[in-house]
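So the structure is just underneath, and the comments pick up after that.
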Amino acid sequence: MFDSWVRQVPTEFVFAVRGPRQITHILRLKEPRIPLANFMASGLLRLGIHLGPILWQFPANFRFDFRQIEVFLRMLPHDTDAAAALAREHDGAVRVPGVLRPESRRVLRHAFEVRHDSFRCQEFISLLRAYDVAVVCADTVDWPKLMDLTSDFVYCRLHGDRSRYPGGYDNAALDRWASHINLWARGVEPLDAERVGGRARPKRRDVFVFFDNDNKVRAPANAMELIRRLRS
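In structure tokens, the structure reads:
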């Protein structure tokens, strides 16, 4: 599957891969090392230059626990050599390991999407900054919107600013997100950014934006409109 993806995309294209629900939703970060090793051994590293940020998405009833989050953050590999070393710890669930020796050493990026209000605290933001992991800016009426900059990239998931999933974004909203993206890319924080902690060090950042609204009916059109604004 990963090989097939690589053959279908241009050189500059990157995939953002979501971490397994087994780790985030079923185990809920309890004893995650072997499942994490299995994930790294599953073929993920076959993406090579096309591997973008890895999303760790947590359920709405998952609460912030400083020690539990820090233990998991410490496990996460931040380059392909570390990922390959961890992958070699896989168990029998991975019968044919994908790649255990990457062709070259590349940086790995991670992003956390949290949905419980207990994560709206300085301790969580400080943890992510210490381990160089991005907090997902999720635009939704149901979950906390955290716009703190905690890594060298920004990861946005736009679920809907008026209701979750069923609606699209109007022109005013798209203009606002285009402005935010341009500022982040230049190393500036928006004046209306909803932050828990203080401002991050100014630096240019890559920005990844995903529309996850309206069961993919309006999302493609919204994405194309946002791209047009960013190119103008």
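For any residue, its number in the numbering used here is found by taking its place in the sequence shown, counting from 1, and adding 22. Every residue gets a Cβ at the ideal spot worked out from N, C-alpha and C, and that includes glycine.
Counting only runs of 3+ residues, no beta strand (DSSP E) is found wholly inside the stretch 185-210.
Scanning its chain for C-beta atoms nearer than 8 Å, with the 5 sequence neighbours on each side dropped, one finds around Pro124 the residues Leu67, Gly70, Thr102, Asp103, Ala105 and Ala106, in chain order.
The closest CA to that of Tyr177, considering only Ala156, Asp197, Trp165 and Asp164, is found on Ala156.
When DSSP states are grouped into helix, strand and coil, Glu135 belongs to the strand group. Between the alpha carbons of Glu145 and Glu247 lies a gap of roughly 37 Å.
Considered as a whole, the stretch 68-139 harbours 73-79 and 132-135 as its complete beta strand (DSSP E) runs of no fewer than 3 residues, in chain order. Straight-line measurement puts the Cα of Arg251 at about 43 Å from the Cα of Lys52. Sixteen is the threshold: when 16 or more other Cβ atoms of the shown chains lie within 10 Å of the Cβ of His132, as they do, the residue is buried. Between Val229 and Ile203, the C-beta gap is smaller than 7 Å, which places the two residues in contact. The beta carbons of Phe94 and Pro119 sit about 22 Å from each other, so the pair does not count as a contact at 8 Å.
Phe232 is bridged by DSSP to Arg179.
By alpha-carbon distance to Pro212, the top candidate from Arg240, Asp192, Leu168 and Phe233 is Leu168.
Contact annotation, Leu73 with Val36: C-beta distance approximately 7 Å; criterion of less than 8 Å satisfied. Of the candidates Ala160, Ala207, Asn193 and Leu130, Ala160 places its Cα closest to the Cα of Arg142.
Straight through space, the alpha carbons of Lys225 and Val163 are spaced by roughly 29 Å. Arg40 counts as exposed, since fewer than 16 other beta carbons sit within 10 angstroms of its beta carbon. In this structure, the CA atom of Pro166 is about 6 Å from the CA atom of Arg137. Around Val210, the same chain offers Pro224 as residues with beta carbons nearer than 8 Å, after the five sequence neighbours per side are excluded.
The beta carbon of Asp25 sits closer than 7 Å to those of Arg68, all from its chain and outside the five residues before and after it, given in chain order. In the DSSP assignment, Phe37 falls within the unbroken beta strand (DSSP E) covering Phe37 to Arg40.
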